[in-house]
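> Under the UniProt record's numbering, the final residue of the sequence shown carries the number 105; numbering is consecutive throughout.
Each residue gets a CB set at the ideal place from its N, CA and C atoms; glycine is no exception.
Here the structure is a predicted model, which means the values were calculated and not measured.
One structure, pasted below without further comment.
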Amino acid sequence: MNKIHVDDKVMVIAGKDKGKIGKVLKINRKKDTVLVEQVNMVSRHTKPNPYANQPGGIVEKEAPVHISNIQVVCPACTKATRVGVRETEDGKNIRFCKKCNEIID
1 MNKIHVDDKV MVIAGKDKGK IGKVLKINRK KDTVLVEQVN MVSRHTKPNP
51 YANQPGGIVE KEAPVHISNI QVVCPACTKA TRVGVRETED GKNIRFCKKC
101 NEIID
């Protein structure tokens with residue numbers, strides 16, 4: 001089971017955006033990177049595309065962050081924490097906070 005899912009609230013623990021909190025938008029499992037909302041913003045110079053009705057210019061967008069540089073924020077204790085996985089009686093895996101032992105899902 002994967003410990004980070006889309007729409008999780010995560011905190012950056014290393015790099016230029018250390019301490020920022022955002023929501024996971026996309027996960028790339030092959031490269032072990034995640035796209036976090038309003039974190040690791042970069043400028044891209046884009047050409048106008050009249051077919052897609054896009055203007056040209058400088059666009060600010062998110063760049064991927066390596067999965068080792070983020071931690072899930074527990075909704076119960078509101079701290080960045082490691083995530084554990086345990087199996088329930090009916091055989092399903094659930095994620096839990098290692099600090100307060102609360103279920104994350």
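Quick check: VAL34 and PRO64, are their CB atoms within less than 8 Å of each other?
Within the sequence shown, the letter at position 34 stands for residue 34. Within the sequence shown, the letter at position 64 stands for residue 64. Yes, Cβ-Cβ distance for VAL34 and PRO64 is below 8 Å.
> Can you tell me the Cα-Cα spacing of residue 132 and LEU25, whole angstroms?
With the chain covering only 1 through 105, there is no way to say anything about residue 132.
> For the pair the region 41-55 and the region 67-74, tell me if three or more CB-CB distances fall below 8 Å.
They do not touch, by the three-pair rule.
> How many Å lie between HIS45 and LYS61 at the Cα?
Counting from 1 along the sequence shown, the entry for residue 45 is found at position 45. Counting from 1 along the sequence shown, the entry for residue 61 is found at position 61. Using only the alpha carbons, I get a separation of about 11 Å.
> At the level of alpha carbons, what is the spacing between VAL10 and THR88?
Position 10 of the sequence shown, counted from the start, is the residue given in the question as residue 10. Position 88 of the sequence shown, counted from the start, is the residue given in the question as residue 88. Rounded to the nearest angstrom, the two C-alpha atoms are 25 Å apart.
> Would THR78 be called buried (16 or more neighbouring beta carbons within 10 Å of its own) or exposed?
Position 78 of the sequence shown, counting from 1, holds the residue named residue 78. Answer is exposed; the Cβ neighbour count stays below 16.
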